[in-house]
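Have a look at the structure below before the remarks.
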Amino acid sequence: MPRTNRVKQAIADGRVATGFSLCFPSPHIVEILGRLDFDFVWLDGEHGPFDLATLEEHCRVAELNGVTPIARVPDIQSSTILRYLDRGIQGILGPHIACRADAEQLVRACYFGPLGERSFGGNRGCDYDHELGDKVQWYRETNENTLVGALLEDAGVLDNLDEILSVEGIDYFSVGPNDFAQGLGKPGQGWSPEVQQTIEDVHQRIRAAGRKVGNDITRRLDAKNSLLALGSDFLQG
């Protein structure tokens, strides 16, 4: 039976999922923070130095501690996303979703049929093809426990947003402020009032379409800051 995705379960329960982000490999941090009842760990596979072996190790440690592993992938090519899913990642955040075709490609890569075209292989992401039971049911339940997010970071999003939002299979949409600002011709101004207002306008359009904004369904802490807080509490007794 596929593992329950705690973020998708939180969405179904109407609560905000809590997690922590990790931009560099450290299974020990996943093990430590994983004992604090977080729902997920967010691994940065786009900017962080994760290779496939360390990615799989992080997935294994996360699962042992009841935490759902999700990752931002470096691109939305099917072969890239497949390698992440095959390691055990249960949530994919696809970067630079700028048009309908990008959104459709993201969905196609993340899900088994009939929604997508994910390939099946005898690896840990497919339970090593061992004692899966009813395979039709296994495919369906795996799809149900796969979280898919779209990261909007390009100026073209403003013109293409309605078409992007019409694509089924994407659980949430987030805006990357720094790259988005650069796309608007304002590099380094991701947190300026003008760019933030444009981002809020995008958020409102997402909600108006009946879709979910990432910040509405998840809260993510930086692992470094969380560990510093734990150390401070320890030193203070």
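Residues 5 to 241 (the working numbering) make up the sequence shown, in order. Using N, Cα and C, we set each Cβ at its ideal position, and we do this for glycine too. Note that the structure is a prediction, hence the values are computed from the model and not measured.
Minimum Cβ-Cβ distance from residue i to chain D less than 8 angstroms
| i | result |
| --- | --- |
| D226 | Reference to chain D is not applicable here, since this structure consists of a single protein chain. |
Residue j beta carbon less than 8 angstroms from that of residue i
| i | j | result |
| --- | --- | --- |
| R39 | N69 | yes |
| D55 | C27 | no |
| H62 | P31 | yes |
| I174 | L110 | yes |
| V161 | A102 | yes |
| V246 | L151 | Any answer about residue 246 is impossible in this case: the structure gives the chain only from 5 up to 241. |
Distance, residue j Cα to residue i Cα
| i | j | result |
| --- | --- | --- |
| R87 | E60 | 10 angstroms |
| G126 | Q200 | 45 angstroms |
| F177 | E135 | 35 angstroms |
| G23 | I74 | 10 angstroms |
| L239 | P118 | Note that L239 scores a pLDDT of 44, beneath 50, so its modelled location is shaky; the value from the coordinates is reported in the next line. Each residue's alpha carbon lies about 54 angstroms from the other. |
| G218 | G153 | 8 angstroms |
| D131 | P6 | 8 angstroms |
| K139 | E145 | 10 angstroms |
| D183 | V77 | 16 angstroms |
| C114 | L97 | 10 angstroms |
| S236 | V34 | A caution first: S236 carries a pLDDT of 45, below 50, which makes its placement in the model too unreliable to give a value. |
| P53 | P29 | 7 angstroms |
| D17 | G95 | 18 angstroms |
| R64 | N149 | 17 angstroms |
| T58 | I93 | 12 angstroms |
| G129 | P197 | 42 angstroms |
| G189 | K216 | 27 angstroms |
Buried or exposed (CB count within 10 angstroms, at least 16 for buried), residue i
| i | result |
| --- | --- |
| R223 | exposed |
| D133 | exposed |
| D43 | buried |
| D90 | buried |
| L46 | Reading the sequence as shown, one finds Trp at residue 46 and not Leu. Looking at its Cβ environment, which holds 16 or more other Cβ atoms inside 10 Å, W46 is buried. |
| D158 | buried |
| S170 | exposed |
| S83 | exposed |
Worksheet entry | Those runs of the beta strand (DSSP E) which lie wholly inside the segment 58-97 and span at least 3 residues | 72-76
Fill in: Sequence ranges, alpha helix (DSSP H) only - wholly within the segment 8-65, length at least 4
10-17 and 31-37
Item to complete: Identify every run of the alpha helix (DSSP H) within the segment 95-151, keeping only runs that are complete inside it and at least 4 residues long; order them along the chain.
Response: 104-114 and 139-148
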